[in-house]
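Residue numbers (my numbering): 317 to 498.
Don't be surprised by glycine CBs; every beta carbon is placed ideally from N, CA and C.
What follows is a short report on a single structure.
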């Protein structure tokens with residue numbers, strides 16, 4: 317099945333949404349300006365009556381279409397958070413395994429095998445290629461290759477004999493992460 321790369325496509329969606337939003341605003345302003353000019357100048361009013369009804373119509377229709385398109389594109393952005401959340405929930409088993417290993421041995425594991433997890437490639441889903449435990453219990457979530465193999469890195473730290481997690485590491489751009497991982 318073909319997988320769409322969310323981070324790369326969102327760059328395009330961000331650009332198009334911004335482009336159509338500004339285009340709608342400019343076209344709407346030009347439409348208003350042309351109507352105001354037509355009320356002020358009898359020559360312009362006559363020219364519009366005779367020749368340019370279509371251009372005035374387009375000056376008001378185009379901004380509405382561009383605005384609707386802009387709003388549709390913006391509605392696609394929340395989907396990224398679902399991909400991020402799905403990847404983190406897949407890694408929750410790894411977080412539990414690392415925490416349990418620390419509770420039993422007093423140190424952090426350095427591999428999936430040591431943490432008693434399946435091999436990295438076996439822990440996967442539609443958007444997640446692998447979940448691997450590395451040195452000092454660091455968990456690396458690799459998103460599918462089509463997404464340029466962006467990663468999310470969960471770094472453990474020990475506080476009061478408990479494992480705490482920092483999810484700000486990795487190559488996935490900050491704007492696609494949940495607020496707790498920025």
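Original post:
Under a three-way DSSP split, which group does residue 490 fall into?
Top reply: In this structure, residue 490 counts as helix in the three-state DSSP scheme.
Subject >> Rounded straight-line distance, which links the Cα of residue 412 to that of residue 494 >> reply: The straight-line gap separating the alpha-carbon atoms of residue 494 and residue 412 is approximately 20 Å.
**OP:** Give the secondary structure of residue 416 by DSSP, where H, G and I count as helix, E and B as strand, and everything else as coil.
**Re:** In the structure shown, residue 416 falls within a helical segment according to DSSP collapsed to helix, strand and coil.
Original post:
If you follow the beta strand (DSSP E) that residue 443 is part of, which residue opens it and which one closes it?
Top reply: Under the DSSP assignment, residue 443 falls outside any beta strand (DSSP E); it carries neither an H nor an E label.
Original post:
Taking 8 Å as the line, does the beta carbon of residue 429 fall inside it for any heavy atom of the ligand NAD?
Top reply: For the ligand NAD, the structure offers nothing, since it holds no ligand at all.
**OP:** Out of 428, 421, 400 and 424, point me to the one whose CA is closest to residue 409's CA.
**Re:** The shortest Cα separation from residue 409 among 428, 421, 400 and 424 belongs to 428.
Original post:
For residue 403, which three-state DSSP category applies?
Top reply: If DSSP states are grouped into helix, strand and coil, residue 403 belongs with the helices.
**OP:** Could you please give the first and the last residue of the uninterrupted beta strand (DSSP E) stretch that includes residue 496?
**Re:** Neither: residue 496 is in no beta strand (DSSP E) and is coded neither H nor E.
Subject >> Exposure label - residue 468; buried when at least 16 CB within 10 Å >> reply: Residue 468 comes out buried.
Subject >> Beta carbon of residue 453 nearer than 9 Å to that of residue 424 >> reply: Closer than 9 Å, so yes.
Original post:
Does DSSP put residue 410 in a helix, in a strand, or in coil?
Top reply: Residue state, collapsed to three classes: helix.
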